[in-house]
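Residue numbers (our numbering), protein chains in the order written: chain Z, 109 to 414; chain Y, 975 to 1241. Beta carbons: idealized from backbone N, C-alpha and C, even for Gly.
Right under this line is the structure:
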């Protein structure tokens, strides 16, 4: 940049600041644009949705007063909807539980091995995150397909392990497998970062004092990694509970989840208030899990302090 | 760090880890393998080798239009969320003011809100407002979900900025704007770049918000893929998927180059 333009820009800057007389322009003002944007396009619609779920829809499809709680009572009284609700909770819970069990070994290896190993593992764990969920679920569809042309069945039949193809696809199990694949990184990454912060000397101490490896894990590693564990669990549970794509591709009609039910109510049945009510139920479930985890961590910290 | 994994326990750990790596890569590998299969149905094992499915999708207007729409959408989303997110990140890290923690919670809240519901709520609002242009609606929805990623990435790198350099520049007479461009920006550039790349990739792959705001004329890639998945059974689906995987791999490599993957994932 030439000295001329430098003087010019410097002059501009000071001019600008003379016009806007310092205004003390506290940095806080810089957040105003995004707050306005989110207020209009995120907070307001979200609150609006809550009201929508309490309104009545007339025969012409116009939504308005009177206020009613009928959509919620309908949701919790009709067997079909309740099944979807429990199905969602079960799939999310099982997925996060498996993610924890399978997350620890990988996170430990990631945090404790040579840089080259650790780097390769993080690359493999993180990279698929960026591949569309549609593609990843489709990959599982190809593997789990119920015909002999599915990869898994082809392998099992070729090796003579089974005599007839397994029916895995279009079942809750398939949804759990797919969700695990999609959200597994969300468990491993927080775990690995929590494990990386543990002083290795603590584990060495326990070992030197004669503790077997499982006791070192249960008494030292596990308790110290709880923050990562809770963060991972919250993420995996919330994301699985809010899925739409995986249940459609891998679950078919056997594993409908809340997200699919919402889409059906809006796009197929056109029952807006009921769809909104289910959406509110989903949000409440996710928030409850988040609050619970937060409480758990705070309680731990308080106990640690006292 | 030093290798401190040893003994029989370590072998179990390595074994499980190797198994999980196979688990993670298997569905992607299968998709890529099927995309070159010389058969009319997607069936394992793949037959022969052909690139005709790639030729087919490169003539598929629905797919090409979707690619173009997704790329433009992701690009505009990135610009939009940078314009809104970078100033917000500065507000969150410069000086303390009452309500700063609350502000942080508010601007990051789209991250913990189920995206499916974000999209539904937004669709309802936009329908009421009579905003009929699906492209604009998609842009708004995508900025809502991507801006927290930009904010997080930029906040992380702003926390590492040396405040003294900024003060020095200001003392020497540089304006706030100039100080920002010449002193702060070069220091936070990797964070901004990572945030931009996150925004691009999240927008490109987004389904739960997109499904509400797109229409039959303007459908981004994930939607088109999902639609074809139900109707088409030849290996052109794996071919489209492979294109998406390749784009993702390019994204990952850029991210690794820019900030290092582990750091990026922690942002």
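Report task. Just the C-alpha distance for residue 371 of chain Z and residue 161 of chain Z, rounded to the nearest angstrom, thanks. Result -> Going from the Cα of residue 371 of chain Z to the Cα of residue 161 of chain Z covers about 15 Å.
Query raised in the report: Okay, do the region 1043-1050 of chain Y and the region 281-293 of chain Z touch, 3+ Cβ pairs below 8 Å being the bar?
Result: no
Query raised in the report: Any contact of the region 230-240 of chain Z with the region 1220-1231 of chain Y, i.e. 3+ C-beta pairs under 8 Å?
Result: These segments touch.
Report task. Just mark residue 410 of chain Z as buried or exposed, buried being the case when its beta carbon has 16 or more other beta carbons within 10 Å. Result -> exposed
Query raised in the report: Hey, is residue 166 of chain Z's beta-carbon within less than 8 Å of any beta-carbon in chain Y?
Result: no
Report task. With DSSP as the reference, label residue 165 of chain Z as helix, strand or coil. Result -> Residue 165 of chain Z falls in the strand class under three-state DSSP.
Query raised in the report: So with Cβ pairs under 8 Å, would you call residue 1228 of chain Y a contact of chain Z?
Result: no
Query - Neighbourhood of residue 368 of chain Z by C-beta distance below 7 Å, restricted to the same chain and skipping five residues each side - result: 352, 355, 356
Query raised in the report: How would you list, in chain order, the residues of chain Z whose beta-carbon sits under 8 Å from the beta-carbon of residue 1044 of chain Y?
Result: Neighbourhood of residue 1044 of chain Y in chain Z, by CB distance below 8 Å: empty, with the nearest CB roughly 10 Å away.
Query - Environment of residue 272 of chain Z [buried if 16+ CB atoms lie within 10 Å] - result: exposed
Report task. Please state whether DSSP places residue 1223 of chain Y in a helix, a strand or coil. Result -> Assignment of residue 1223 of chain Y by DSSP, reduced to helix, strand and coil, places it in the helix class.
Query - Cutoff 7 Å; reference residue 394 of chain Z; Cβ partners in own chain excluding five residues on either side - result: 346, 349, 350
Query raised in the report: For residue 1139 of chain Y versus residue 1162 of chain Y, is the C-beta distance shorter than 8 Å?
Result: no
Query raised in the report: Just by C-beta distance, which residues in the region 232-254 of chain Z are closer than 9 Å to chain Y?
Result: 232, 233, 234, 235, 236, 237, 238, 239, 240, 241, 242, 243, 244, 245, 246, 247, 248, 249, 250, 251, 253
Query raised in the report: Apart from the five residues on each side of it in sequence, which residues of its chain come closer than 8 Å, Cβ to Cβ, to residue 177 of chain Z?
Result: 162
Query raised in the report: Taking the alpha-carbon positions, what's the residue 194 of chain Z to residue 187 of chain Z distance?
Result: 11 Å
Query raised in the report: Could you check where the alpha helix (DSSP H) with residue 298 of chain Z kicks off and where it finishes?
Result: Boundaries of the alpha helix (DSSP H) harbouring residue 298 of chain Z: 280-304, taken from the DSSP string.
Requested in this report: Could you please tell me which residues of the region 355-371 of chain Z, in chain order, have their CB closer than 8 Å to any CB of chain Y?
Outcome: 356, 357, 367, 370, 371
Query - Cutoff 8 Å: residue 1076 of chain Y Cβ touching any chain Z Cβ - result: no
Query - Within chain Z, partners of residue 1225 of chain Y - CB distance below 8 Å - result: 238
Query - Candidates Z:150, Z:199, Z:259, Z:174, of which the one nearest residue 1092 of chain Y by Cα - result: Z:150
Query raised in the report: What residues are listed by DSSP as bridge partners for residue 171 of chain Z?
Result: Z:165
Query - Whole-angstrom distance between residue 1058 of chain Y and residue 1135 of chain Y, CA atom to CA atom - result: 20 Å
Query raised in the report: Within the chosen definition, does the region 323-334 of chain Z reach the region 238-249 of chain Z through at least 3 CB pairs nearer than 8 Å?
Result: The region 323-334 of chain Z is not in contact with the region 238-249 of chain Z.
Requested in this report: Could you tell me whether the Cβ atoms of residue 990 of chain Y and residue 210 of chain Z are closer together than 8 Å?
Outcome: yes
Query raised in the report: What residues in its chain sit with their C-beta under 7 Å from that of residue 174 of chain Z, if we drop five residues either side in the sequence?
Result: The residues are 164.
Requested in this report: For my contact list, residue 1209 of chain Y and residue 995 of chain Y are in at a C-beta cut-off of 8 Å; report their separation, rounded to the angstrom.
Outcome: About 26 Å separates the two Cβ atoms, so there is no contact after all.
Query raised in the report: Is the region 1152-1169 of chain Y touching the region 1190-1205 of chain Y, taking contact as three or more C-beta pairs under 8 Å?
Result: The region 1152-1169 of chain Y, when compared against the region 1190-1205 of chain Y, does not touch it at the 8 Å Cβ threshold.
Query - Sequence-distant residues of its chain with Cβ nearer than 7 Å to residue 1028 of chain Y (five each side left out) - result: 1213
**Report entry** residue 378 of chain Z, DSSP secondary structure in three states
**Finding:** coil
Query raised in the report: Does the beta carbon of residue 1092 of chain Y come closer than 8 Å to any beta carbon on chain Z?
Result: Residue-level contact check: residue 1092 of chain Y touches chain Z, since one or more beta carbons of chain Z fall below 8 Å from its beta carbon.
Query raised in the report: Candidates Z:245, Z:145, Z:221, Z:147: which alpha carbon is nearest residue 1001 of chain Y's?
Result: Z:245
Report task. Could you check how far apart the C-beta atoms of residue 1124 of chain Y and residue 139 of chain Z are, in whole angstroms? I think they sit under 8 Å. Result -> No, residue 1124 of chain Y and residue 139 of chain Z are not in contact; Cβ-Cβ is about 13 Å, not under 8 Å.
Report task. Determine the burial state of residue 412 of chain Z: buried for a count of at least 16 other Cβ atoms within 10 Å of its Cβ, exposed for fewer. Result -> So residue 412 of chain Z ends up on the exposed side.
Query raised in the report: Pairing CB atoms from the region 370-384 of chain Z with CB atoms from the region 257-265 of chain Z, are three or more of them under 8 Å?
Result: Output reads no: the region 257-265 of chain Z does not touch the region 370-384 of chain Z.
Query raised in the report: Can we say the region 301-321 of chain Z touches the region 387-401 of chain Z, given the rule of at least three CB pairs closer than 8 Å?
Result: no
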